[in-house]
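In the numbering used here, the protein residues as written are 18 to 492.
Structure follows, in structure tokens:
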């Protein structure tokens, strides 16, 4: 009744943009749009545990005169100015169903904006499917969590540039701003380019989180939570500054019932799939991305809590008493973070070439300097470095920064191994760096083995044309 009454009151006002789905992110983005003086219509189904969602949202935000709410899909769509622009904020698993529900109410050139975490290949498919109905579709990655969505996220649009230009003003207005005041939003490329970039963002995020978790594991037995907070606060004041370091320092200070909350949280990490998508895409593209893979598998292993506990009891494994030097860990963390970003941007570069997206890596780094989860001082530096080089691996200063601190990374891994501390992200970083800087590796043996059992052929060092050769190994 409340919602219907509201619809009648605002029936003469046509909304400029609609938001479908009032979950955490949808609610935050709706208010962000309203704060930027756009007339906004919001919709949420009114059944099950979502009953009353729209009414509650409107009652909490009664001061907004440019915000209208609906529980009837036909009324929601009818409230929007044509061509209609609808930002869909639902889970990827529900997206196709939502599109099917909306299509009967839409007209030619209406625009659907998927602003959730969707696989880029599914975005490609949805673009083509919507074309059949003469409806436009954009895949838009958004990072920043609830606070970012509310006050300014990093936004990564992909799809038709002409369609993007029709919604550019909305995305530009609600996005975070870089240090020069420019929007942390930029058209990235056709098809699912925006969702691919967001996927890689999340892959880099996975690694940075895993690295900090491993630092915590190194230090938790020799430092109190207060000391850990102080260490991370200190790191966050210098060249390691990042949003993840900032929140990690805060986490170690949080108490509940006079106990540190971190000590009451079960050591099982969840995931929503974007990390595994990044890993799978790296495999498809032949791009070395071992740090993301290691971080994803570390989360999988963390979820096997009972198995881990059983083995620890059977093997009588004690908590580590080894001592680590904080500055040494700091330098190792810096090297590993460099290598993580190098792998992430190499994955973007590979995708850009494979899919003909012409991704601007420097611009991607720029829109990641604020609003998003992986914003950092390092990202600020990468903007300039990627404007001068197509690859971070071609940047002498970037490589020199790794080389100058590689000993600390090596020593930390050795200490961790002696202390029986798993450090998959740090170890992957070190192995990647070793492999990358090894002139003569052992892959010639693998070539020979493949040719022996499968006649897969091999190339020879005395053949500059790298033609294929085959040997009958048993004669």
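Ideal Cβ positions, reconstructed from N, Cα and C, are used throughout, including at glycine.
How would you call residue 419, buried or exposed, if buried means at least 16 neighbouring beta carbons within 10 angstroms?
Along the chain shown, read from residue 1 onward, the residue named residue 419 stands at position 402. With 16 or more Cβ atoms within 10 Å of its Cβ, residue 419 is classed as buried.
Under 9 angstroms between the Cβ atoms of residue 160 and residue 391?
Here residue 160 corresponds to residue number 143 of the chain shown, with the count starting at 1. Here residue 391 corresponds to residue number 374 of the chain shown, with the count starting at 1. Yes. Within cutoff.
Status (buried if at least 16 other CB within 10 Å, exposed otherwise) for residue 312
Here the question's residue 312 lines up with position 295 in the chain shown. That one is buried.
Nearest neighbour of residue 212, chosen from 258, 298, 81 and 273 [CA to CA]
The count along the chain shown starts at 1 and reaches residue 212 at position 195. Ranking the options by Cα distance to residue 212, first place goes to 298.
Residue 216 versus residue 328: straight-line alpha-carbon distance, rounded
Taking the first residue of the chain shown as 1, we reach residue 216 at position 199. Taking the first residue of the chain shown as 1, we reach residue 328 at position 311. Cα to Cα, residue 216 sits roughly 34 angstroms from residue 328.
Exposure of residue 166, with buried meaning 16 or more beta-carbon neighbours within 10 Å
The count along the chain shown starts at 1 and reaches residue 166 at position 149. When all chains shown are included, residue 166 counts as buried.
Residue 486 (DSSP reduced to helix, strand or coil)
As a position in the chain shown, residue 486 is number 469, starting the count at 1. Residue 486 falls in the strand class under three-state DSSP.
Once you ignore the five residues that flank residue 138 on each side, which residues in its own chain have a CB closer than 8 angstroms to its CB?
Mapped onto the chain shown, residue 138 falls at position 121. Excluding sequence neighbours, residue 138 sits near 209.
Ignoring anything shorter than 4 residues, give me the alpha helix (DSSP H) runs that lie fully in the region 250-313, in order along the chain.
260-268 and 291-302
Contacting residues, own chain, Cβ-Cβ under 6 angstroms from residue 360 (five flanking each side not counted)
On the chain shown, residue 360 is found 343 positions in, with the first residue counted as 1. Excluding positions up to five away in sequence, the list reads 306 and 308.
Using CA atoms only, rank isn't needed, just tell me which of 288, 291, 269 and 289 is closest to residue 281.
For the purposes of this step, residue 281 is identified with residue 264 of the chain shown, where counting begins at 1. That would be 269, whose Cα lies nearest to the Cα of residue 281.
Since residue 38 and residue 61 are thought to touch, with beta carbons under 8 angstroms apart, how far apart are those beta carbons, to the nearest angstrom?
Along the chain shown, read from residue 1 onward, the residue named residue 38 stands at position 21. Along the chain shown, read from residue 1 onward, the residue named residue 61 stands at position 44. Right, the Cβ-Cβ distance comes to about 6 angstroms (below 8 angstroms), so this counts as a contact.
Please report the distance separating the alpha-carbon of residue 483 from that of residue 396.
Mapped onto the chain shown, residue 483 falls at position 466. Mapped onto the chain shown, residue 396 falls at position 379. Residue 483 and residue 396: Cα-Cα distance of roughly 39 angstroms.
Alpha carbon to alpha carbon, how far is residue 377 from residue 402?
On the chain shown, residue 377 is found 360 positions in, with the first residue counted as 1. On the chain shown, residue 402 is found 385 positions in, with the first residue counted as 1. About 12 angstroms.
Quick one: what does DSSP say residue 202 is sitting in, helix, strand or coil?
Counting from one through the chain shown, the residue named residue 202 turns up at place 185. In this structure, residue 202 counts as strand in the three-state DSSP scheme.
Once the 5 residues before and after residue 388 are set aside, which same chain residues still bring their CB inside 6 angstroms of it?
For the purposes of this step, residue 388 is taken as residue 371 along the chain shown, with counting starting at 1. Excluding positions up to five away in sequence, the list reads 161, 165, 169, 170, 171, 193 and 201.
Assign residue 77 to one of three DSSP states: helix, strand, or coil.
Locating residue 77 in the chain shown gives position 60, counting from the first residue. In the three-state DSSP reduction, residue 77 falls in the helix class (H, G or I).
Pick helix, strand or coil for residue 129, following the three-state DSSP scheme.
Along the chain shown, read from residue 1 onward, the residue named residue 129 stands at position 112. Reduced to three states, the DSSP call for residue 129 is strand.
Distance, residue 195 Cα to residue 186 Cα
The residue labelled residue 186 in the question sits at position 169 within the chain shown. The residue labelled residue 195 in the question sits at position 178 within the chain shown. Distance between the alpha carbons of residue 186 and residue 195: 17 angstroms.
Let's see if you can read the secondary structure: which residues bound the beta strand (DSSP E) around residue 441?
Start at 1 with the first residue of the chain shown, and residue 441 comes out as number 424. Residue 441 -> not in any beta strand (DSSP E); alpha helix (DSSP H) instead, spanning 441-453.
Give me, in chain order, the residues of the same chain whose beta-carbon lies closer than 6 angstroms to that of residue 485; leave out the 5 immediate sequence neighbours on both sides.
Locating residue 485 in the chain shown gives position 468, counting from the first residue. Correct list, in chain order: 474.
Would you tell me roughly how many angstroms separate the C-alpha atoms of residue 427 and residue 144, rounded to the nearest one?
By 1-based counting over the chain shown, the position of residue 427 is 410. By 1-based counting over the chain shown, the position of residue 144 is 127. So the alpha carbons of these two residues sit roughly 47 angstroms apart.
Through-space distance from residue 368 to residue 27, alpha-carbon basis
Within the chain shown, residue 27 is the residue found at index 10, counting from 1. Within the chain shown, residue 368 is the residue found at index 351, counting from 1. Low per-residue confidence applies at residue 27: pLDDT is 44, beneath 50, and the placement is therefore not dependable, though the value from the model is reported in the following sentence. Roughly 46 angstroms between the two C-alpha positions.
N-terminal and C-terminal residue of the beta strand (DSSP E) that residue 104 is part of
Here residue 104 corresponds to residue number 87 of the chain shown, with the count starting at 1. Its beta strand (DSSP E) spans residues 102-105.
Which residue's Cα is closest to the Cα of residue 435: 339, 197 and 292?
Counted from its first residue, the chain shown places residue 435 at position 418. Taking only the C-alpha atoms, the option nearest residue 435 is 339.
Cα-Cα separation between residue 106 and residue 157, rounded to whole angstroms
By one-based count along the chain shown, residue 106 stands at place 89. By one-based count along the chain shown, residue 157 stands at place 140. Separation of residue 106 and residue 157 (C-alpha to C-alpha, rounded to the nearest whole angstrom) is 11 angstroms.
Cβ shell of residue 42 (< 6 angstroms), same chain only, five flanking positions each side left out:
Within the chain shown, the letter at position 25 stands for residue 42. Cβ neighbours of residue 42 beyond the five flanking positions: 106 and 166.
Take residue 246 and list the residues in its own chain whose beta-carbon comes closer than 6 angstroms to its own, dropping the five residues that flank it on each side.
Position 229 of the chain shown, counted from the start, is the residue given in the question as residue 246. Around residue 246: 266, 269 and 270.
Cβ separation of residue 91 and residue 122, assumed to be a contact under 8 angstroms, to the nearest whole Å:
Your numbering for residue 91 matches position 74 in the chain shown. Your numbering for residue 122 matches position 105 in the chain shown. That pair is a contact at about 6 angstroms.
Could you tell me whether the region 349-363 touches the region 431-451, using the rule of 3 or more Cβ pairs below 8 angstroms?
Cβ pair count under 8 angstroms is three or more, so yes.
Which of helix, strand or coil does DSSP assign to residue 155?
Position 138 of the chain shown, counting from 1, holds the residue named residue 155. It is a strand residue.
Under three-state DSSP, which class holds residue 32?
In the chain shown, residue 32 corresponds to position 15, counting from 1. Strand, per DSSP.
Under 8 angstroms: does the beta carbon of residue 177 sit that close to some heavy atom of the ligand HEM?
By its list of ligands, the structure shown contains no ligand whatsoever, and the ligand HEM lies outside what it can speak to.
Taking the alpha carbon of residue 46 as the point to measure from, which residue in 85, 104, 384 and 68 has its own alpha carbon closest?
Here residue 46 corresponds to residue number 29 of the chain shown, with the count starting at 1. The shortest C-alpha separation from residue 46 is found at 104.
Does residue 238 come out as helix, strand or coil in the three-state DSSP assignment?
For the purposes of this step, residue 238 is taken as the residue at position 221 of the chain shown. Coil, per DSSP.
Leaving out five residues on either side along the sequence, give the residues of the same chain with a beta carbon under 7 angstroms from the beta carbon of residue 380.
The sequence position of residue 380 within the chain shown is 363, counting from 1. Only 203 meet the Cβ criterion.
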